[in-house]
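A.B. asks: Note that the protein sequences, when read in sequence, are chains A and B.
Heads up: the first sequence begins at 1 in the UniProt record's numbering, then just goes up one per residue.
Heads up: the second sequence begins at 1 in the UniProt record's numbering, then just goes up one per residue.
Below you'll find the structure I mean.
Protein chains: 2
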Amino acid sequence: MSAPDVIVNPLEIEARSFAIIDGEVGEHAFDFRQWPVVRRIIHTTADFDFVANTVFSPQVIDKALGALRRGEPVYCDTAMVGAGINKVRLAALGCALRCHVADPDVAAAARAAGVTRSIMAMRKGIDGGCGIFLVGNAPTALYELLHQARAGAIKPSLVVGVPVGFVGAAESKEALLESRLPSIVCRGRKGGSAIAATILNALMILAEEA
Amino acid sequence: MSAPDVIVNPLEIEARSFAIIDGEVGEHAFDFRQWPVVRRIIHTTADFDFVANTVFSPQVIDKALGALRRGEPVYCDTAMVGAGINKVRLAALGCALRCHVADPDVAAAARAAGVTRSIMAMRKGIDGGCGIFLVGNAPTALYELLHQARAGAIKPSLVVGVPVGFVGAAESKEALLESRLPSIVCRGRKGGSAIAATILNALMILAEEA
C-alpha cells in the first residue's frame, strides 16, 4: 500500500488524533492539566468511555509533578507497563523504573504461596519510601499496595489505579478511591497496562512543560 | 486491604473471568478455536465491542498454528507487544521474537526520513521469509507490511492487525482484509499492543493443546 495519502509523520499523526478527540468529546469537566491526561488515554485506546471513567483525587496533578521532579522511583505491576513508559523522559527526570514481576524469585514465591506474581512483586518492590505506583493489570497488586500503605510501609506520592478485568478490578479501584491516597483511577472494569503507561507519559510531558 | 474475600489465585481469577465473559456474551458465531482468542481479547480489555469487531480470515487458525509449530519468527511493532508475549510458551515453540522499534539506528533513520519508527522497524525486520507479524500500534507499520508483502519481500503466515487510533488505524485494517493475507483483525479504531500480544498468547495455548 504505502498510499500517498497516508500520514507518516508521527507528530502530525498525534496532532490530528488530538484534534479529532477534542472535537468528538466536546465539553467536559476536566481542567487544563487533567485533560491532556484523559485525552492521551483516549488516544491509546480509542475508547471514549474513559471520559466518564477517569477520576483525579484532589491536587493529584501537583503531587504527581512534584514526585516526578524529585526523581522518585516509579513502580509498575507488569513488564508491559514498563515497556510503554517513555524512557528518555523518565531518565531526564532522574526517576528509576522498578518492576519485579518477571524476577525468578518472585515467580517462585508466588507459586509456593498460590498467589499472583503481582502481589509478590509489589512486596519485593517496597522499600519504605515514597514513589509513584502504576497498577495496570492486577487488582491483587492494588490491594497489596493499599495494605502496605495502610500499614505505613509505603508513602505513595501517586497511585495510578487502572487494573482491568472481571474479578476484583472495579472493586479494587473503589477501595483505592476510599483510601484517599493521591490517585488517578479509571473506574469500572476497563483499564490496562497501556493506560497505566500513557498516564505516566502524559504526566511527564506536563512536568517538562510547567 | 488484602480482604479475605479477594481471590488471589491466578488460575481461579482467569477461570472466573472466562465464565463471566461466556455468560455475558451468550450466543456468538465464533467456532471452538476462534472463541478462545476473542474471549482472551475481552479478558484483556473488558470491552465487549471486540465480539463484533474481531474478524478471522479463512483457515487462519490452522495457518497460525502451523507457523507456530514450525517455529517461525514473530515480529512486533512495539516493545509493549513484545513485553506482553508469554516467553515460556514462545521458547517452547522455538519461535524467535523480533522487535526493532527501539533500535538506535531505526530511530535515527526515522528522524532523518520524517516517518514513524514503526515503518523503519518493519523494513529492518524483513528478511524475505515467512513469519508472524503483530501490529498493535502503528497503522504506518501495517501499510508498510502490506507494501512489502505485495512486492513479494515477505510471505506472512499470519498478520495480527490491531493498530489503534484515529488517523489511519481503521483504514489500514480494511486494507489488510482486502489483501487476503491470513489475518486476525479488530476492525475500527480500537486495538492496541495488549490485544496483539493476547491474540498470540491465545494462539500459543491452542498450539499446545491441539
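Glycine included, every Cβ here is placed at the ideal spot set by N, Cα and C.
Small disclaimer: the values here were computed from a predicted structure and weren't measured.
#1: What's the gap between the Cα of B:Met120 and the Cα of A:Ala153?
#2: Looking only at DSSP bridge pairs, what is A:Asp75 linked to?
#3: Three or more C-beta pairs under 8 Å: does that hold for the stretch 89-98 of chain A against the stretch 94-105 of chain B?
#4: By how many angstroms is the C-alpha of A:Thr44 removed from the C-alpha of A:Leu93?
#5: Return the residues of the stretch 72-95 of chain B that lie within a Cβ-Cβ distance of less than 8 Å from chain A, sorted by chain order.
#6: For the beta strand (DSSP E) containing B:Phe56, name the first residue and the last one.
#7: Along the stretch 45-58 of chain B, where does the CB come closer than 9 Å to a CB of chain A? Name the residues.
#8: Using three-state DSSP, classify A:Gly168 as helix, strand or coil.
#9: List the whole-angstrom C-beta distance separating B:Ala155 from B:Asn53, where the pair is believed to meet the contact cut-off of C-beta under 8 Å.
#10: Look at the Cβ atom of B:Gly136, then the Cβ atom of B:Thr78, and state whether they are nearer than 8 Å.
#11: Could you tell me which of B:Ile41, B:Met204, B:Ile13 and B:Pro104 sits nearest to B:Val25, measuring between CA atoms?
#12: Consult DSSP for A:Gly161 and reduce its assignment to one of helix, strand or coil.
#13: Under 8 Å Cβ to Cβ from B:Leu68, same chain only, skipping five residues before and after it: list those, please.
#14: Which residues bound the alpha helix (DSSP H) around A:Val38?
#15: Among A:Thr140, A:Ala107, A:Thr116 and A:Ala138, which residue has its Cα nearest to the Cα of B:Leu11?
#16: Does the separation of the CB atoms of B:Leu134 and B:Leu181 fall below 8 Å?
#17: What is the C-beta distance between residue 211 of chain A and A:Val159, in whole angstroms, given that I count them as a contact (C-beta under 8 Å)?
#18: Going by DSSP, name the residue or residues bridged to B:Ile184.
#19: Would you decide whether B:Arg123 is buried or exposed? Buried here means 16 or more other CB atoms lie within 10 Å of its CB.
#20: Using a beta-carbon distance cut-off of less than 8 Å, what residues from the stretch 147-168 of chain B approach chain A?
#21: Tell me whether the beta-carbon of A:Gly165 lies closer than 8 Å to the beta-carbon of A:Pro139.
#22: Are the Cβ atoms of B:Val38 and B:Phe50 separated by less than 8 Å?
#23: Closer than 9 Å by beta-carbon distance: list the chain B residues that pair up with A:Thr198, in chain order.
#24: Determine the contact status of A:Gly84 and A:Ser157, defining contact as a CB-CB distance below 8 Å.
#25: Determine the direct distance from the alpha carbon of A:Asp103 to that of A:Lys173, and round the result to whole angstroms.
#26: In chain A, which residues lie with their C-beta within 9 Å of the C-beta of B:Ser183?
#27: To the nearest angstrom, how far is the alpha carbon of B:Trp35 from that of B:Phe56?
#28: State the start and end residues of the unbroken alpha helix (DSSP H) segment that holds B:Arg70.
#29: Distance check for A:Ser118 and A:Val167, CA to CA, integer angstroms please.
#30: Relative to the C-alpha of A:Asp62, which candidate in A:Ile184, A:Thr198 and A:Ala196 has its C-alpha closest?
#31: For the alpha helix (DSSP H) containing B:Thr116, list its first residue and its last residue.
#32: Name, in chain order, the residues that DSSP records as bridge partners for B:Lys155.
#33: Evaluate B:Asp47 with the Cβ neighbour count: other Cβ atoms within 10 Å of its Cβ, from every protein chain shown; 16 or more gives buried, anything less gives exposed.
#34: Kindly list the residues whose CB is nearer than 8 Å to the CB of B:Ala65, restricted to its own chain and excluding five residues on each side of it in sequence; keep chain order.
#35: Using a Cβ-Cβ cut-off of 6 Å (strictly less than) and excluding sequence neighbours within five positions of residue 220 of chain B, which residues of its own chain qualify?
#36: Check whether the Cβ of B:Lys190 lies closer than 8 Å to any Cβ atom in chain A.
C.D. replies: The short version:
#1: Between B:Met120 and A:Ala153, the C-alpha separation is close to 46 Å.
#2: Note on identity: in this sequence residue 75 of chain A is Tyr, with Asp being the wrong assignment. The partner list for A:Tyr75 (beta bridge, DSSP) reads A:Arg98 and A:Phe133.
#3: No, the stretch 89-98 of chain A is not in contact with the stretch 94-105 of chain B.
#4: 23 Å
#5: Thr78, Ala79, Met80, Gly82, Ala83 and Gly84
#6: Thr54 to Phe56
#7: Thr45, Ala46, Asp47 and Asp49
#8: coil
#9: Looking at the sequence itself, residue 155 of chain B is Lys, so the reference to Ala does not match. About 27 Å; that fails the 8 Å criterion.
#10: The beta carbons of B:Gly136 and B:Thr78 sit closer together than 8 Å.
#11: Nearest C-alpha to B:Val25: B:Ile41.
#12: strand
#13: Leu93, Cys95, Ile132, Leu203, Met204 and Ala207
#14: Trp35 to Thr45
#15: In this structure, A:Thr116 is the residue among A:Thr140, A:Ala107, A:Thr116 and A:Ala138 with its C-alpha nearest to the C-alpha of B:Leu11.
#16: no
#17: Residue 211 of chain A lies beyond the range of chain A shown here (1 to 210); nothing can be said about it.
#18: Looking at the DSSP assignment, B:Ile184 forms a beta bridge with B:Phe56 and B:Val160.
#19: buried
#20: His147, Arg150, Val164, Gly165, Phe166, Val167 and Gly168
#21: yes
#22: yes
#23: By Cβ distance, chain B contributes nothing, its closest Cβ being about 10 Å from A:Thr198, past 9 Å.
#24: no
#25: 26 Å
#26: Chain A residues near B:Ser183: none, gap ~14 Å exceeds 9 Å.
#27: 11 Å
#28: Element bounds for B:Arg70: n/a, residue is neither H nor E.
#29: 15 Å
#30: A:Ile184
#31: Where B:Thr116 is concerned, there is no enclosing alpha helix (DSSP H), given that its DSSP letter is neither H nor E.
#32: B:Cys130
#33: Under this definition B:Asp47 is a buried residue.
#34: Note on identity: in this sequence residue 65 of chain B is Leu, with Ala being the wrong assignment. Around B:Leu65: Leu203, Leu206, Ala207 and Ala210.
#35: Beyond the ends of chain B as shown, which are 1 and 210, falls residue 220 of chain B; an answer cannot be given.
#36: Yes, its Cβ sits closer than 8 Å to a Cβ of chain A.
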